[in-house]
Amino acid sequence: MDAVEDGATGGVSHSSKGLTEVQKGYTPFAEGDILWAKITPCMENGKSCIASGLINGIGFGSTEFHVLRSRDERLSQSFLWEFLNQETLRSVARYAFTGSAGHQRVPDSFLAGLPFPLLSSSKQERLAYFSPSWTAFQADRGRDFSVIVDGISN
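Next up, the structure:
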């Protein structure tokens with residue numbers, strides 16, 4: 060969990076261990092998968108990344124991450140990552156927490172039930188490209204990413 064930066068920056072550090080050290084008690088993932096924190100306060104702080112630069116294309120990490128991979132080739136992982144890192148989405152996710160105070164987690168069912176816009180690949184690329192600027196604008200204006208999604212999809 061410490062290897063992934065807070066703040067939805069996507070920053071991550073790597074380390075290498077033998078397979079026998081990580082095959083039990085860790086969550087497997089592959090190159091390009093999205094790791095999205097499920098536990099408080101990490102989820103609220105935007106701890107997430109797209110796995111990249113993995114030795115042999117595989118990695119193992121904390122069990123406190125949801126691992127997401129699109130089953131549809133039309134869905135950009137970058138766009139999905141930006142969508143999941145909206146401040147408003149993380150705020151709504153708090154209402155789905157399960158567990159006791161201090162150890163609350165976002166359940167799989169929250170992510171499985173999210174309505175998700177399937178836009179053309181060019182629109183997804185534009186949104187993912189402009190999202191960091193949009194996030195800064197959103198912070199200044201208190202607006203939501205869905206407004207720009209609606210504007211581009213029309």
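Everything in the sequence shown is counted per the working numbering, starting at 60 for the first residue and increasing by one.
Every residue, glycine too, gets a C-beta built ideally from N, C-alpha and C.
Buried or exposed by the 16-neighbour rule on C-beta atoms within 10 Å, applied to residue i
| i | result |
| --- | --- |
| D92 | buried |
| K106 | buried |
| E141 | buried |
| S74 | exposed |
Helix, strand or coil at residue i according to DSSP, with G and I counted as helix
| i | result |
| --- | --- |
| R149 | helix |
| S107 | strand |
| L127 | strand |
| L143 | helix |
Inter-residue Cα distance where the pair is residue i and residue j
| i | j | result |
| --- | --- | --- |
| K76 | F156 | 32 Å |
| S192 | K182 | At S192 the pLDDT is 49, less than 50, meaning the model places this residue with poor confidence; the figure from the coordinates comes in the next sentence. Roughly 16 Å between the two C-alpha positions. |
| A171 | A152 | 12 Å |
| V63 | T79 | 22 Å |
| F169 | Y154 | 10 Å |
DSSP beta-bridge partners of residue i
| i | result |
| --- | --- |
| A214 | In this structure the chain extends from 60 to 213, so residue 214 is not present and cannot be described. |
Practice problem: Evaluate contact between the segment 109-125 and the segment 82-97, counting only Cβ atoms and requiring at least three cross-stretch pairs below 8 Å. | Solution: yes
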